[in-house]
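Structure, as structure tokens:
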Amino acid sequence: MTDLFKKTSDPALDPEIANQMLLKIFEECDKEPNTTPIEILTSYRDYRRERYVLQKRALIVILFLFFTLPLLFIMPVFSLSLNSGSDTGNPVYHVNVHSFLPVSRVTAVIDGHNTAVYETGNHNYSIEPARNGHMTVTVTLFNQQYSEQEILVDDVDRDPPQLLSNNQIKRHVYLYLEDEGSGIDYEAVYAMEAEGERVEPLSYDEKTGCIEFAFPESSMNVYIPDRSGNRLQLIVSVSEED
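When we follow the working numbering, the leftmost residue of the sequence shown carries the number 41, and every step to the right adds one.
Next up, the structure:
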């Protein structure tokens, strides 16, 4: 079967035969004979052909640049939001880039400190800040155009509760604490005696931050967590009063 779309080359004609044919044509037309050698005419034809190909390629390049030039000025559009499923004291922010162009990079900076950014999907990223402050998120596309958004991060809690004071009254030990972050998880407070016995607090007062333990026979380790999972460990040594 013949391929109708297959390009075939023209049959080559001997220059001497072509020259004789050209002379015959001029003679039949009653014209003066051609004085330009057939080789020069052939080379000029090849020159015109090469020049046409070069112009065609240049035109293709110009058209390509004309249609792609607007892409160089497209700026990214993205949304920045707090993930509603974030744990208390450990917020996770979601970045969704609304662009059909490839993303070159996404960065996050909190008061001059770089924060890790994780790619979770196509044009989707997550940020888990380790500190509070003003966070600037920058999205840069492959064309080096970029956009920025700033958000205040104020719910990061990486610090454990702080001991303010303690005292001993008769057979009771009182610990006074505070936590400026997520707050003390009083129901999870406990102590371990040297013998390995777990001791629960007798009472606690959330308003004053006071936790009461029964007087132990020896020193004990007290564990005081907050609602973000940070935990303060204290070694309490007491002496019995008269």
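Every residue gets a Cβ at the ideal spot worked out from N, C-alpha and C, and that includes glycine.
Since the structure is predicted, the reported quantities are computational estimates derived from the model, not experimental observations.
Exposure label - residue i; buried when at least 16 CB within 10 Å
i: M175; result: buried
i: G236; result: exposed
i: S268; result: buried
i: V177; result: buried
i: Y158; result: exposed
i: Q273; result: exposed
i: D151; result: exposed
i: P265; result: buried
i: V262; result: buried
i: A170; result: exposed
i: M61; result: exposed
i: D219; result: buried
i: T155; result: buried
Residue i and residue j closer than 7 Å at C-beta
i: S222; j: D197; result: yes
i: C250; j: Y214; result: yes
i: S119; j: N136; result: yes
i: V146; j: Y165; result: yes
i: M115; j: Q189; result: no
i: I224; j: P200; result: no
i: E252; j: P241; result: yes
i: S121; j: H134; result: yes
Proximity to residue i [Cα-Cα], best of the options
i: F182; options: F140, L242 and F104; result: F140
i: S144; options: V117, E252, I57 and V179; result: V179
i: M167; options: E188, P200 and V132; result: Met is not the amino acid found at residue 167; the sequence shown has Ile there. Ranking the options by Cα distance to I167, first place goes to V132.
i: L217; options: I100, H163 and L203; result: L203
i: S243; options: A254, E233 and A234; result: A254
i: V117; options: R88, T155 and H163; result: H163
i: V229; options: D219, R271 and Y92; result: R271
i: S277; options: N172, D219, A231 and D245; result: A231
i: G129; options: N172, A156, V101 and P142; result: N172
i: R211; options: R238, S187, P256 and V239; result: P256
Span of the beta strand (DSSP E), counted from its first residue to its last, around residue i
i: C250; result: C250 to A254
i: I5; result: In this structure the chain extends from 41 to 282, so residue 5 is not present and cannot be described.
i: N270; result: Neither: N270 is in no beta strand (DSSP E) and is coded neither H nor E.
i: T178; result: G173 to L181
i: S243; result: S243 to D245
i: N154; result: H153 to T155
Those residues which DSSP pairs with residue i across a bridge
i: I114; result: Answer is none; I114 lacks a bridge partner.
i: N207; result: Y214
i: N164; result: N136 and G161
i: T147; result: T178
i: L192; result: H174
i: R127; result: Inspection of the sequence shows that residue 127 is occupied by Asp rather than by Arg. The partner list for D127 (beta bridge, DSSP) reads N130.
i: A231; result: V239 and V262
i: Y186; result: T180
i: Q202; result: E218
i: L122; result: Y133
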